[in-house]
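S.K.:
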Ligand SMILES: O=C(O)/C=C(\CC(=O)C(=O)O)C(=O)O
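Numbering (the UniProt record's numbering), first residue to last: 1 to 294.
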C-alpha cells in the first residue's frame, strides 16, 4: 500500500484566537512506523505524523492541549498514542481502541498513561467488524475508571444503533455528529434525527468537527456552519471540537487547519460558547481533576 500524506506542513495562521487553555479534542498520531508499526488490518497506510509535528501544529493554531484518538491504522495497539501523550508534558490525553479480552491491569496501565476513553468504530471502510455485544462488555468495564465512550458511525445506521447507544453506561461522544448529509441543510432528516437523539439522551455528546469531511461545498464551509451552529447553540454543554489532524483518508481534499479553526467562531458565535466548546467541556472529560470542585 502506498503511504499517504493528508496534511499541509504549514497551515495558514487562523484569524480566530482560541481562548486560553483551548483543547483540540480530536487528533491522531501515525507511527513513526519504524517504532510503532501499523496494524496488519489497517485500511490505509499513512506517512508518519509524529507527536512533535502535532505539538507544533497545536502551538501554531493557538491551542494548549490535545486529545489523541487512537486511529484505526494502529488497531488495538495503543503504543503510538501513549507515546504521544507521554511526550506532551501533561498537555495531551487520549482515547484508546481496545480488544474485548483486555485485562484489568492493562486498563490501569492505559489510565496511568493518560487514556480517558475508548472508541468504537462502525465504519466498514475502516474496520472489519464492530461487535456491539463485545463493545458493551468493554463499556461496562471502563465505566468504573470514569472513562467515556467515543462512537464513530455514519447517519445511515443511527436508527439501528440507538438501543446500543442507550445501553452504554457512560457518557457517549459521537464523532463528527454521526456524519449527517449536510447538503440537506439544517432541517435535513439526518441532522434532525441526530438532534432528537441528543434531546432525548442527556449523556450523549457530540464532536462538532469534520467540516472538511461533511461539507460538499468546501471552504468557507457555509453549508457546515448553517447546520452545525444551531447544534452548538442547543447543546452548549455537550459539544467538543477538533481539527482531526492529520486528516486520515483525506488525500483528495487535504484541508488547511488554519481555515478549519476559523470555522469555530461561526459555529460558536459568543465567547461563552467558545469557552464551553474549547475549554470547559473537554476539561470535564479529559482533565476533570483540574476543575474547581462543583
Ligand atoms: O479520524 C477521523 O475522524 C476519521 C477517519 C479515520 C478514523 O477514524 C480512523 O482511522 O480511526 C475517517 O473517516 O477515515
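C-beta atoms are modelled at their ideal positions from N, C-alpha and C, and glycine is treated no differently.
Which two residues bound the contiguous alpha helix (DSSP H) that contains residue 286?
M.R.: The count along the chain shown starts at 1 and reaches residue 286 at position 286. Note, residue 286: alpha helix (DSSP H), 281–286.
S.K.: Can you tell me which of 285, 284, 283, 257 puts its alpha carbon nearest to the alpha carbon of residue 12?
M.R.: The count along the chain shown starts at 1 and reaches residue 12 at position 12. Closest option to residue 12, Cα to Cα, is 257.
S.K.: Compare the C-alpha of residue 34 against each of 48, 40, 22 and name the closest.
M.R.: What you label residue 34 is simply residue 34 of the chain shown in a count that begins at 1. It is 48 whose Cα lies nearest to the Cα of residue 34.
S.K.: So residue 6 packs on residue 246, CB below 8 Å; how close in whole Å?
M.R.: Against the chain shown, residue 6 aligns to sequence position 6. Against the chain shown, residue 246 aligns to sequence position 246. At roughly 6 Å, the Cβ-Cβ gap stays under 8 Å, so residue 6 and residue 246 are in contact.
S.K.: Can you tell me whether residue 77 sits near ligand 1, meaning its C-beta is under 6 Å from at least one heavy atom of the ligand?
M.R.: Reading the chain shown from its first residue, position 77 is the one you call residue 77. Outside the cutoff, so no.
S.K.: Among 206, 81, 218, 237, which has the Cα closest to the Cα of residue 54?
M.R.: One-based indexing of the chain shown puts residue 54 at position 54. It is 81 whose Cα lies nearest to the Cα of residue 54.
S.K.: Residue 119 lies in the beta strand (DSSP E); which residues open and close that run?
M.R.: Translated into positions along the chain shown, residue 119 becomes position 119. Note, residue 119: beta strand (DSSP E), 115–121.
S.K.: Apart from the five residues on each side of it in sequence, which residues of its chain come closer than 7 Å, Cβ to Cβ, to residue 68?
M.R.: Position 68 of the chain shown, counted from the start, is the residue given in the question as residue 68. Hits under 7 Å: 27, 28, 29, 81, 84, 85, 92, 94.
S.K.: Since residue 16 and residue 261 should fall inside the 8 Å C-beta cutoff, what is the C-beta to C-beta distance between them, to a whole number of angstroms?
M.R.: For the purposes of this step, residue 16 is taken as residue 16 along the chain shown, with counting starting at 1. For the purposes of this step, residue 261 is taken as residue 261 along the chain shown, with counting starting at 1. Correct: roughly 6 Å between the Cβ atoms.
S.K.: Using the C-alpha atoms, what's the distance from residue 271 back to residue 149?
M.R.: Looking up residue 149 in the chain shown gives position 149. Looking up residue 271 in the chain shown gives position 271. So the alpha carbons of these two residues sit roughly 28 Å apart.
S.K.: Answer yes or no: do residue 208 and residue 162 have a C-beta to C-beta separation smaller than 7 Å?
M.R.: The residue labelled residue 208 in the question sits at position 208 within the chain shown. The residue labelled residue 162 in the question sits at position 162 within the chain shown. Not in contact: residue 208 and residue 162 (Cβ atoms no closer than 7 Å).
S.K.: With a threshold of 6 Å, establish whether the CB of residue 248 neighbours any heavy atom of ligand 1.
M.R.: Stepping through the chain shown from its first residue, residue 248 is reached at position 248. Yes, the beta carbon of residue 248 sits closer than 6 Å to at least one heavy atom of ligand 1.
S.K.: How should residue 189 be labelled, buried or exposed, when 16 other C-beta atoms within 10 angstroms of its C-beta is the threshold for buried?
M.R.: Start at 1 with the first residue of the chain shown, and residue 189 comes out as number 189. Its Cβ having fewer than 16 others within 10 Å, residue 189 is exposed.
S.K.: Given a cut-off of 7 Å on the beta-carbon distance, is the pair residue 267 and residue 227 in contact?
M.R.: Reading the chain shown from its first residue, position 267 is the one you call residue 267. Reading the chain shown from its first residue, position 227 is the one you call residue 227. Against a cut-off of 7 Å, the Cβ pair of residue 227 and residue 267 comes out as no contact.
S.K.: Thinking C-alpha only, which one of 176, 170, 264 is nearest residue 137?
M.R.: Sequence index remark: in the chain shown, residue 137 carries index 137 (1-based). The candidate whose alpha carbon is nearest that of residue 137 is 170.
S.K.: When the Cα atoms are used, what is the spatial distance from residue 181 to residue 274?
M.R.: Walking along the chain shown from the start, residue 181 turns up at place 181. Walking along the chain shown from the start, residue 274 turns up at place 274. Going from the Cα of residue 181 to the Cα of residue 274 covers about 25 Å.
S.K.: Do the CB positions of residue 165 and residue 206 come within less than 7 Å of each other?
M.R.: On the chain shown, residue 165 is found 165 positions in, with the first residue counted as 1. On the chain shown, residue 206 is found 206 positions in, with the first residue counted as 1. Cβ distance not < 7 Å, so residue 165 and residue 206 don't count as in contact.
S.K.: Go ahead and pull the three-state DSSP assignment for residue 58.
M.R.: By one-based count along the chain shown, residue 58 stands at place 58. Looking at residue 58 - three-state DSSP - the assignment turns out to be helix.
S.K.: Taking its Cβ as the centre, do 16 or more other Cβ atoms sit within 10 Å of residue 72, making it buried, or is it exposed?
M.R.: Here residue 72 corresponds to residue number 72 of the chain shown, with the count starting at 1. By the neighbour-count rule (16 or more Cβ atoms within 10 Å), residue 72 is buried.
S.K.: For residue 281 and residue 21, what's the separation of their Cα atoms in angstroms?
M.R.: In the chain shown, the residue the question calls residue 281 occupies position 281. In the chain shown, the residue the question calls residue 21 occupies position 21. Straight-line spacing of the CA atoms in residue 281 and residue 21 works out to 12 Å.
S.K.: So, at 7 Å on beta carbons, what are the nonlocal neighbours of residue 127 in its own chain, with the 5 sequence-adjacent residues on each side left out?
M.R.: Looking up residue 127 in the chain shown gives position 127. Within the same chain, residue 127 has close Cβ partners 72, 121.
S.K.: Can you list, in chain order, the residues of its chain with a C-beta nearer than 7 Å to that of residue 132? Leave out the 5 residues immediately preceding and following it.
M.R.: For the purposes of this step, residue 132 is taken as the residue at position 132 of the chain shown. Short of 7 Å from the beta carbon of residue 132, and not among the five residues preceding or following it, lie these beta carbons of its own chain, in chain order: 164.
S.K.: Helix, strand or coil for residue 21, going by three-state DSSP, please let me know.
M.R.: As a first step, residue 21 must be located in the chain shown, where it is residue number 21. Coil, per DSSP.
S.K.: Helix, strand or coil: which one does DSSP assign to residue 204?
M.R.: Within the chain shown, the letter at position 204 stands for residue 204. Taken through DSSP and simplified to helix, strand or coil, residue 204 comes out as strand.
S.K.: Kindly list the residues whose CB is nearer than 6 Å to the CB of residue 229, restricted to its own chain and excluding five residues on each side of it in sequence; keep chain order.
M.R.: The residue labelled residue 229 in the question sits at position 229 within the chain shown. Counting only Cβ-Cβ distances below 6 Å, and skipping sequence neighbours, we find 267.
S.K.: Between the C-alpha atoms of residue 183 and residue 237, what's the straight-line distance to the nearest angstrom?
M.R.: Along the chain shown, read from residue 1 onward, the residue named residue 183 stands at position 183. Along the chain shown, read from residue 1 onward, the residue named residue 237 stands at position 237. For residue 183 and residue 237, the distance between alpha carbons rounds to 26 Å.
S.K.: Need the endpoints of the beta strand (DSSP E) that residue 139 sits in, please.
M.R.: Here residue 139 refers to the residue found at position 139 when the chain shown is read from its first residue. It is not in any beta strand (DSSP E) - residue 139 instead sits in the alpha helix (DSSP H) that spans 132–142.
S.K.: Classify residue 40 as buried or exposed, calling it buried when 16 or more other Cβ atoms lie within 10 Å of its own Cβ.
M.R.: The residue you call residue 40 lines up with position 40 of the chain shown. Flag for residue 40 reads exposed.
S.K.: Given this structure, state the Cα-to-Cα distance separating residue 218 from residue 18, to the nearest angstrom.
M.R.: Here residue 218 refers to the residue found at position 218 when the chain shown is read from its first residue. Here residue 18 refers to the residue found at position 18 when the chain shown is read from its first residue. So the alpha carbons of these two residues sit roughly 22 Å apart.
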